[in-house]
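If you count by the numbering used here, then the sequence shown holds residues 17 to 350, one letter each, in order.
Don't be surprised by glycine CBs; every beta carbon is placed ideally from N, CA and C.
A quick write-up on the structure given underneath.
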Amino acid sequence: MIRPAFLRKGDLIGVTAPSAGASEPLDRVRFLHAQEMLAERGYATLFSPNTFTDIGDERSSPADQRAKELELLIADRDIRYIVSASGGEHLNEIFEHLDMSGIADDPKWIQGYSDNTDILIAATVNHDVMSIYCGNYGDYGMEPLHPSVVQNLEFVEGKRSEQTSFDSHAEGFVDRVTGLEPFECTAPTVWISDDVSFSGRLIGGCTDKLREIVGSDRDRMRDFAERYREDGIVWFMETYVSDSGGIAADLNSMKDAGWFEHVSGFVFGRPLFFEGDYRDAVLSAIGDLNVPMVIDADVGHKAPRMTFINGATAEVTVKGGRGMIRYLDLETEQ
17 MIRPAFLRKG DLIGVTAPSA GASEPLDRVR FLHAQEMLAE RGYATLFSPN
67 TFTDIGDERS SPADQRAKEL ELLIADRDIR YIVSASGGEH LNEIFEHLDM
117 SGIADDPKWI QGYSDNTDIL IAATVNHDVM SIYCGNYGDY GMEPLHPSVV
167 QNLEFVEGKR SEQTSFDSHA EGFVDRVTGL EPFECTAPTV WISDDVSFSG
217 RLIGGCTDKL REIVGSDRDR MRDFAERYRE DGIVWFMETY VSDSGGIAAD
267 LNSMKDAGWF EHVSGFVFGR PLFFEGDYRD AVLSAIGDLN VPMVIDADVG
317 HKAPRMTFIN GATAEVTVKG GRGMIRYLDL ETEQ
């Protein structure tokens, strides 16, 4: 597994929109504020042409253009960190046009969440390069920055190797007025689990997108699990929209496809739009695996988002409803 180099002052950050674009006027305000904040820390940002565009139906640009703009950022040796502009629904359209092999030739961090699950899985599972499931670029544009966002950047800079859960979380998204709105974290956070500690190599993303990979010509997950069987696999997942039957079906299809071979534990985030009991749905599908399962963790659409690094080995600990992730192979540099 390849760990990309940590960010250094003077490095370039690339932003592109492989799914939807950040096309609203307040999106641009937020992104330009993020650009200023990152510049103050020593990092310039390059926005690819489709970052702020929209051709309708949550697409920033045609699929071939979205693929090409991502490839260009991967090939640019000055860019050390690629952050997605947005989620959406149609990122999977780019794969018939996309060649991601360059990520192994010049490893760099790629970060996003939700629809961006697809490119993160491709980088890590297909090319053995770590990737980051965390906020899109707009998170850097809030004022003030939430501690989770500061910590996210510290991970990419190599200044941090562990993170603890946060006291509270948001129940949804914030209506924009200025474009700089921070998270509204008002609900108390409790990681639902027995007191437990388990470790393994992290992999995961949004269930809405993972289900599309199962059994497709992009499905290399069983090979990944076999390749890292000695480490064990820690799965993390979160859900945008589903119900109890849908989650159970998704997890059963993953299990039947061999995705959960050598699993040592699961971490599930807070679902955004969900009908039913999430924990019961999870247990009905994979309770027979008899490994630790954490529910309502800080990953996914309900902010704040902890930094989950695909491909990294990590120890997950839960005690008294508080969680911690400690990375074992990041070789941080203080």
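Residues bridged to residue i [DSSP beta-bridge criterion]
i	result
residue 29	61, 97
residue 281	250
residue 258	290
residue 339	334
residue 72	75
residue 326	147
residue 178	342
residue 18	145
Cβ-Cβ distance between residue i and residue j below 7 Å
i	j	result
residue 322	residue 314	yes
residue 184	residue 201	yes
residue 283	residue 310	yes
residue 35	residue 107	yes
residue 172	residue 23	yes
residue 303	residue 273	no
residue 212	residue 308	yes
residue 324	residue 149	yes
residue 195	residue 45	yes
residue 62	residue 103	no
residue 96	residue 122	no
residue 260	residue 203	no
residue 126	residue 143	no
residue 101	residue 33	yes
residue 379	residue 38	Examination of residue 379 is not possible in this model, given that the chain is present from 17 through 350 alone.
Euclidean distance between Cα positions of residue i and residue j
i	j	result
residue 147	residue 113	21 Å
residue 300	residue 229	22 Å
residue 258	residue 286	12 Å
residue 270	residue 89	31 Å
residue 350	residue 343	Here the model assigns residue 350 a pLDDT of 47, short of 50, so the residue's position is not dependable and the matter cannot be decided.
residue 67	residue 124	19 Å
residue 164	residue 84	31 Å
residue 20	residue 189	31 Å
residue 153	residue 50	8 Å
residue 86	residue 267	30 Å
residue 141	residue 251	13 Å
residue 48	residue 293	40 Å
residue 42	residue 331	39 Å
residue 13	residue 246	One cannot answer for residue 13 here, as it falls past the ends of the chain, which runs 17 to 350.
residue 264	residue 255	12 Å
residue 333	residue 226	25 Å
residue 75	residue 117	24 Å
residue 54	residue 306	44 Å
residue 198	residue 69	24 Å
residue 248	residue 18	17 Å
residue 233	residue 131	18 Å
residue 115	residue 328	23 Å
residue 58	residue 277	42 Å
residue 179	residue 347	15 Å
residue 295	residue 209	10 Å
residue 166	residue 191	22 Å
residue 351	residue 289	Look at the range of the chain in this structure, 17 to 350, and you will see that residue 351 is not part of it.
residue 72	residue 335	46 Å
residue 275	residue 236	9 Å
residue 221	residue 177	20 Å
residue 64	residue 81	11 Å
residue 337	residue 91	43 Å
Residue i at chain B interface by Cβ criterion, 7 Å
i	result
residue 71	Note that chain B does not occur in the displayed structure, where there is just one protein chain.
>> Does the structure place the region 125-142 close enough to the region 155-167 that three or more beta carbon pairs sit under 8 Å?
In response: no
> Do the region 238-256 and the region 215-222 touch if we need at least three Cβ pairs shorter than 8 Å?
Replying inline: yes
>> So within the region 181-247, which uninterrupted alpha helix (DSSP H) runs reach at least 4 residues, ignoring any that extend past its ends?
In response: 223-229, 237-243
> What residue ranges within the region 286-323 form continuous alpha helix (DSSP H) runs of no fewer than 4 residues, ordered along the chain?
Replying inline: 294-302
>> Extract the residue ranges of the alpha helix (DSSP H) inside the region 81-159, only unbroken runs of 4 or more that lie entirely within it.
In response: 118-121, 133-137
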